[in-house]
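As structure tokens, the structure follows; a few thoughts come after it.
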Amino acid sequence: MIQDFHGKTAVLTGAGSGFGLECARIGAQRGMNLVLVDVQADALARAEAEMKASGARVLARRVDVSDAAQMEALADEVRQTFGAPHFVFNNAGVGSAGLIWENSVRDWQWVLGVNVWGVVHGVRLFTPMMLAAAKADPAWRGHIVNTASMAGLLTPPNMGIYNVSKHAVVALTETLYQDLRLVSDQIGASVLCPYFVPTGISQSQRNKPAELAGERLTKSQLIGQAMTDKAVGSGKVTAPEVAHKVFEAIEADRFYVFSHPKALGNVR
Ligand code: ADP
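Structural data, given as structure tokens:
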């Protein structure tokens, strides 16, 4: 159980928009130190200004999470500035669209680079720091949240690379959770599997999974009624709602976090 967030440090990747930004807002409201990471300079600068204006201590860095060297430099700077982070939100992500045999090698590398390698770097660089902090202080608590998707549990058509990447994030986080249980009960892990939230990814011009997949999704026999009763990108599940679920999960030390109402009870 983690209830006191004041003065604790959170690293948030993809903090420039969507629920990375909403998590940063909640973190600022709760008096946390924030490490904001995004590849988009403008969005990052806006988030930095907003969080500073609300009184948070902020370190904002333009980093490509898929790049090992950039992530290593970030981790060093976080350690020097704030010490071990209590919370790491490996949330930066990109979408994909297209029939799976038609996606280019470049698209595979790009989406797996950000969605999978980005999480790998966050986990491999920050977990050892957190474990050291936990070992030094029995009262220390931390939590790692990785953003997957409903597409990490199901396989909607026409967004295959995204499905593969998010299944990897679910497997990675399950393993992280189990491995942590072997060595410490002071650090939790959660995987976030939101239903499609209308944010940048689902609205991006480069890939339009919401539009492209939406029609096929609603027809899909594989996925069925549980997903079709909420239209893709309907706006009914908002980024702030998902961000609040994340903080509830941290407080309750939950593992799976869903945004779909029918799945919300399904946590462990
Ligand atoms: P969602 O909120 O659904 O995750 P968004 O597109 O709104 O979707 O947010 C994803 C964020 O991740 C964006 O701000 C985007 O700039 C960021 N992002 C995408 N690729 C990278 C990357 N390689 N490194 C860091 N941040 C990234």
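For the sequence shown, my numbering assigns the number 1 to the initial residue and increments by one for each residue that follows. Yeah, the Cβ is synthetic: ideal placement off N, Cα and C, and Gly gets one too. In this text, all values refer to a predicted model and were calculated from it rather than measured experimentally.
Query raised in the report: Under three-state DSSP, which class holds Thr127?
Result: helix
**Report entry** Nearest-angstrom Cα separation, counted from Gly188 out to Leu176
**Finding:** 9 angstroms
Query raised in the report: Based on the DSSP output, what are the partners of Leu34 in its beta bridges?
Result: Ala10 and Val58
Requested in this report: Could you please give me the residues that DSSP links to Asn146 through a beta bridge?
Outcome: Asn90 and Val191
Query raised in the report: Does the distance from the CB of His86 to the CB of Lys8 come in under 7 angstroms?
Result: yes
Requested in this report: Report the partner residues of Gly98 according to the DSSP bridge assignment.
Outcome: Met159
Query raised in the report: Are there three or more Cβ pairs, one per stretch, closer than 8 angstroms when the region 62 to 71 is compared with the region 129 to 137?
Result: no
Report task. Work out the CA separation of Phe89 and Arg30 for me, nearest whole Å. Result -> 16 angstroms
Query - Between the CA atoms of Gln109 and Ile144 - distance to the nearest angstrom - result: 25 angstroms
Query raised in the report: Beta-carbon separation of Ala243 and Cys193 under 7 angstroms?
Result: no
Query - Secondary structure of Ala24, DSSP reduced to three states - result: helix
**Report entry** Any non-hydrogen atom of the ligand ADP within 6 angstroms of Gln40 CB
**Finding:** yes
Query raised in the report: Given a threshold of 16 other Cβ atoms within 10 Å of its Cβ, counted over all protein chains shown, does Val191 qualify as buried or as exposed?
Result: buried
Query - Coil, strand or helix - Ala84 by DSSP - result: coil
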